[in-house]
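In the working numbering, the protein residues as written are 68 to 300.
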């Protein structure tokens with residue numbers, strides 16, 4: 068599908084009934100070569116498996132630090148929106164106090180992100196260990212398991228809460244016609260400093276740009292971004 072055709076479909080969709088989901092980005096994805104999709108999946112499994120072994124000392128140290136701080140569970144699971152809004156259980160290292168989810172509704176008024184995402188820079192629910200592992204994205208490492216399982220890809224739009232994604236309009240929902248990922252344009256471009264509307268546009272840009280070269284570029288850009296910790300909270 069040409070750039071002109073995509074823009075034409077997008078302009079129609081913006082003014083359409085949000086209950087009607089346009090297939091424009093679904094078509095863009097379906098036109099990607101099958102060889103790319105096979106290579107992407109093969110790389111996801113191989114790279115994630117190697118990373119799990121290589122990073123096992125970090126996994127052990129993180130688990131120990133979480134246990135020593137408050138004795139609570141090491142891992143945190145939550146329902147997130149996957150490809151085509153199919154729900155899946157995401158894995159993370161727990162970075163918040165044990166009762167954090169029960170306080171979610173009360174914290175809504177402090178949300179610093181626009182649109183359908185939720186971010187608070189100095190969230191009081193985050194533990195001391197949690198601040199450190201969030202700063203360097205260590206809390207996201209268990210998602211390597213999600214990648215191996217096929218819930219996610221290494222590169223793809225970041226998954227948000229299922230109920231938040233269900234509240235999105237038809238245009239915004241198109242960001243998940245592909246598998247969500249561990250890194251993406253949003254991740255390397257400022258993360259939580261990026262407002263929701265721009266976040267959506269970056270994810271749709273990725274769907275148009277999807278290729279081996281794009282994925283490699285984003286993976287390489289992610290490495291220094293993690294250490295700079297810009298927008299990581």
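Ideal Cβ positions, reconstructed from N, Cα and C, are used throughout, including at glycine.
For residue 158, the enclosing beta strand (DSSP E) starts and ends at 154 to 160. When secondary structure is reduced to three states using DSSP, residue 278 falls in the coil class, being assigned neither helix nor strand.
Taking all protein chains in view, the Cβ of residue 101 is surrounded by fewer than 16 other Cβ atoms within 10 Å, so the residue is classified as exposed.
Using a Cβ distance threshold of 8 Å, residue 244 and residue 93 count as a contacting pair. For the set 229, 111, 123, the Cα lying nearest the Cα of residue 219 is the one of 111. Collapsing the DSSP output to three states places residue 261 in coil.
One thing to note: residue 191 has its Cβ no nearer than 8 Å to the Cβ of residue 158. By DSSP's assignment, residue 144 forms a beta bridge with 158.
In the three-state scheme derived from DSSP, where H, G and I count as helix and E and B as strand, residue 232 is classed as helix. For residue 287 and residue 281, the gap between their C-alpha atoms comes out near 10 Å. Judged by beta-carbon spacing, residue 225 lies beyond the 8 Å limit of residue 257, meaning their Cβ atoms are not closer than that value. Going by DSSP, residue 249 is part of the beta strand (DSSP E) stretching over 248 to 250.
By alpha-carbon distance to residue 291, the top candidate from 254, 263, 98, 152 is 254. If you look at residue 200, you'll find it in the alpha helix (DSSP H) that goes 195 to 202.
Beta-carbon to beta-carbon, residue 148 and residue 140 are separated by about 23 Å, too far to satisfy the 8 Å threshold. Our two residues, residue 129 and residue 91, have alpha carbons roughly 42 Å apart in a direct line. Around the beta carbon of residue 197, 16 or more other beta carbons lie within 10 angstroms, which makes this residue buried.
Here residue 271 is buried: its Cβ has 16 or more other Cβ atoms, across all protein chains shown, within 10 Å.
One thing to note: residue 215 has its Cβ no nearer than 8 Å to the Cβ of residue 103. Non-local C-beta neighbours of residue 241 in its own chain, meaning closer than 6 Å and more than five positions away in sequence, comprise 92, ordered along the chain. Exclusion of the five residues before and after residue 211 leaves 115, 118, 119 as the residues of its chain whose Cβ lies within less than 7 Å of its Cβ. In the displayed model, residue 133 falls within a helix according to three-state DSSP. According to the DSSP secondary-structure assignment, residue 222 is paired through a beta bridge with 250. Per DSSP, the continuous alpha helix (DSSP H) segment holding residue 212 begins and ends at 210 to 216.
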